[in-house]
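Under full-length UniProt numbering, the sequence shown has 97 at position 97, and the numbering climbs by one with no breaks. In what follows, a single structure is set out as structure tokens and then discussed.
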Amino acid sequence: MPAPHRRRSPAARTRRSPATDERRPRTTGERRPRVADEPLAQATGERHSRAARERRDRRRLHRRAARAAGELARYLRTEQIGGLILLAAAALALVLANSPWAAAYDAVAGTRFGPAALHLDLTVHAWATDGLLTLFFLVAGLELKKELVTGDLRDPRTAALPVVAALGGMVAPALVFLAVAAGRPGAAAGWAIPTATDIAFALAVLALAARRLPANLRLFLLTLAIVDDLGAIALIAGLYTDHVAPLPLLAGLAAVAGWAALQHLRVRAWWAYLPIGLVAWGCVHASGVHATVAGVLLGLATRATRDRGEGAPPVERLVHRIQPLSAGVAVPLFALFAAGVGVGGDALAGMVTDRLALGVVAGLLLGKTVGVLGACALAVRWGVATLPRDVGWRDLAAVSVLTGCGFTVSLLVTELAFGTDARADRLKLAVLTGSVAAAAVSALLLRGRVRARTA
């Protein structure tokens, strides 16, 4: 039988001494010593609660900032918003160049910075043209690679149409320019000006004017503009580059091959690609070829297929990350420093009487339309290519006019061909006039097509 439990007397109860950790008897009625004084405990609690509130506020602020950044990036991924920002930047450039702040605007555009040891002490204008715009061409190359591998451009006959159209859109404007400017000094140097199509400007107008037209029409314009700009860059390298350095160019191609090798090895860490991309850009720039070619090549070297268990292929992930930066920063800054042209009365009068300037306007408006549409008609008639799905001849006619938006690339060719010559400003004004006129006419045609399709 178990022994009954015997209660211990209060005198026998023991507790630890806080100083010696020894047990000693506690007398009856003795109170347990307090760990902290009441005011100190209250102050400590207040500090803890205040710190907790601050942590909650910081977390809430970070969540709000992340949501705001996500919403901004989502808006910048839409071509309508990107187009509006581009047009606003171009309008601001025109205002600044024709205002009392014109001298300050030119001073900022001509400010040099960058590592001189690497021959990269470029002006702000050059960084916007050769550096930031590479991001846009990278996005264009990524989208083109996706369509070539998994999209409608897998069909060679479908892919052939924008390529043939781009060739026609380069030959016809040059012939129109030479016909108008025949016998004038500088005609031999300026015939390449109306051969270019500005991808960003053209896609922005298409997105703003024709939201409900087939997606294949945008793909046709994107591919045409990329091929067109690659042709323009080849003309720049052949006509306006004194010397192309082969070793830096080969080094740049080797860097692109390294990018492709990392893609083949399924390397996903972004920090592994960043130095390779910078090396590719720097080497292509040092070779004398326009540095934006590096962006297109890197985009084409990116994997477009999806592995099992992979959420999205690398081309889609890169476009998702880079497109907001391209549309919200790179392209607007380029337009801000490229479209600043004086449009005073003397400049307009000089443009109207200059045969070279009239040749540029005619080449962009008439030459581009006839060249692109005529090349498409011949390619389809001879069985070389087929029309994109859901795209008709009236749609192609509207886009053919839209390819006359030479804008930034034509401005670049003008700068390379004529430099600081007095005629350069008149030709730049002609480029802006022809590009705006082509955008306005094509927007009217595209809106008409939208109404006809929705009627």
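Cβ atoms here follow ideal geometry from the backbone N, Cα and C, with glycine treated the same way.
Could you give the distance in angstroms between the alpha-carbon of D57 and the alpha-carbon of A66? 14 Å
Assuming I199 and A234 form a contact by the criterion Cβ under 8 Å, report the distance between their Cβ atoms to the nearest whole angstrom. Not confirmed; about 16 Å, so no contact.
Where L120 sits in the DSSP three-state scheme: coil
CB L427 to CB L356, shorter than 9 Å? Result yes, Cβ atoms of L427 and L356 sit closer than 9 Å.
Tell me whether R77 sits in a helix, a strand or coil according to DSSP, three-state version. Three-state result, R77: coil.
For D421, which residues of its own chain have a beta-carbon under 6 Å away from its beta-carbon, when the five flanking residues on both sides are left out? Nothing listed; no residue qualifies.
Roughly how many angstroms lie between the CA atoms of L336 and R64, to the nearest whole one? Rounded to whole angstroms, L336 to R64 spans 31 Å at the Cα level.
With C-beta atoms as the reference, is F201 less than 9 Å away from T408? yes
Endpoints, the alpha helix (DSSP H) within which E310 is located: Premise fails: E310 is in no alpha helix (DSSP H) and is neither H nor E.
Is K145 closer than 9 Å to V315 when the C-beta atoms are compared? yes
Expected contact under 8 Å - CB spacing of P194 and G406 to nearest Å: 6 Å
Do the region 163-170 and the region 297-311 make contact, defined as three or more Cβ pairs closer than 8 Å? Contact between the region 163-170 and the region 297-311 is absent: fewer than 3 CB-CB pairs across the two stretches fall below 8 Å.
Please name the residue, chosen from T403, D390, T433 and R423, that lies closest to R212 on a Cα-to-Cα basis. D390
What does the alpha-carbon distance come out to for the pair G131 and C376? Straight-line Cα distance between these residues: approximately 34 Å.
Pair within 9 Å by beta-carbon distance, A327 and L86: yes
Counterpart residues of R112 in DSSP-defined beta bridges: T123
Cutoff 7 Å; reference A196; Cβ partners in own chain excluding five residues on either side: D228, D229, A232, G406, V409, S410 and V413
Nearest-angstrom Cα separation, counted from R59 out to A36: In this prediction, A36 scores a pLDDT of 49, lower than 50, which makes its location untrustworthy; the coordinate-derived value is nonetheless stated afterwards. Taking the straight line joining both Cα atoms gives about 32 Å.
Going by CA-CA distance only, name the one from A88, L161, G70 and A90 that's closest to G383. L161
I need the DSSP call for G383, collapsed to helix, strand or coil. coil
Quick check on T454: does DSSP put it in helix, strand or coil? helix
By alpha-carbon positions, which one of V360, R451 and F136 ends up nearest to V436? V360
Helix, strand or coil for Y273 per DSSP? helix
Using the Cα positions of P332 and A90, report the straight-line distance between them to the nearest angstrom. 8 Å
Are A116 and S442 close, meaning C-beta to C-beta below 9 Å? no
Can you tell me whether DSSP reads T14 as helix, strand or coil? Because the pLDDT at T14 is just 48, under 50, the model does not fix this residue reliably, and the value given afterwards should be weighed accordingly. Of the three classes helix, strand and coil, the one that applies to T14 here is strand, per DSSP.
Would you please state the rounded distance, in angstroms, between the beta carbons of A93 and A339? I believe it to be under 8 Å. 4 Å
Cβ neighbour criterion (16 or more within 10 Å) applied to V352: exposed
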